[in-house]
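Start counting the sequence shown at 233; every next residue gets the next number (the working numbering).
Here the structure comes first, spelled out in structure tokens, and everything after it is commentary.
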Amino acid sequence: MTILVGYSPSPEGKAAVAFGIEQARAFDDTLIVLNAGIGETPDEHGVATNADMDELKQTLLNSEVSHEILQFLRGNDPVEELLALAEATDDTRMIVIGSRRRSPVGKLIMGSTAQRIILEAEVPVVSVKADRSR
233 MTILVGYSPS PEGKAAVAFG IEQARAFDDT LIVLNAGIGE TPDEHGVATN
283 ADMDELKQTL LNSEVSHEIL QFLRGNDPVE ELLALAEATD DTRMIVIGSR
333 RRSPVGKLIM GSTAQRIILE AEVPVVSVKA DRSR
């Protein structure tokens with residue numbers, strides 16, 4: 233089976249990867265980590281830089297779980313990319329995403345990526361918070 237992680241270079245994204253690794257170990261699953269964005273600007277929010285991707289690669293290598301890293305910067309909505317990948321992967325066990333606390337006004341103005349994924353996914357979605365005590 234496959235565990236799909238939606239990754240962004242943030243504490244929440246790193247928490248999602250860590251949880252995905254734990255689950256992949258527990259179930260002996262393959263982990264697919266996806267970073268996606270429209271890719272119009274080099275500093276687009278949520279898009280991992282080369283340094284971020286190198287750090288992610290090292291984390292996954294150190295974890296010794298079977299994994300694949302994907303980065304889609306082809307002009308599509310990151311939520312749609314994640315959901316399409318989950319649908320295209322026949323054996324997706326779950327989607328893991330990082331989430332952060334947002335005000336009701338922030339959700340109204342910006343929308344909620346996590347909410348869209350939770351509502352539209354065909355498989356279970358686990359939302360992970362970053363450990364703020366560190």
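C-beta: ideal position from N, C-alpha, C; glycine also.
These numbers were taken from a predicted model, which means no experiment stands behind them.
- For a cut-off of 8 Å, the C-beta gap from Leu263 to Glu313 is around 17 Å, too long to register as a contact.
- Between the region 247-261 and the region 357-364, the count of C-beta pairs closer than 8 Å reaches three or more; the two stretches touch.
- In the DSSP assignment, Leu263 falls within the beta strand (DSSP E) that extends over 262-268.
- Taking a contact to require three or more Cβ pairs closer than 8 Å, the region 298-306 and the region 254-262 qualify as touching.
- In the assembly as shown, Lys289 is an exposed residue. Its beta-carbon has fewer than 16 other beta-carbons within 10 Å.
- With fewer than 16 other Cβ atoms inside 10 Å of its own Cβ, Leu293 counts as exposed.
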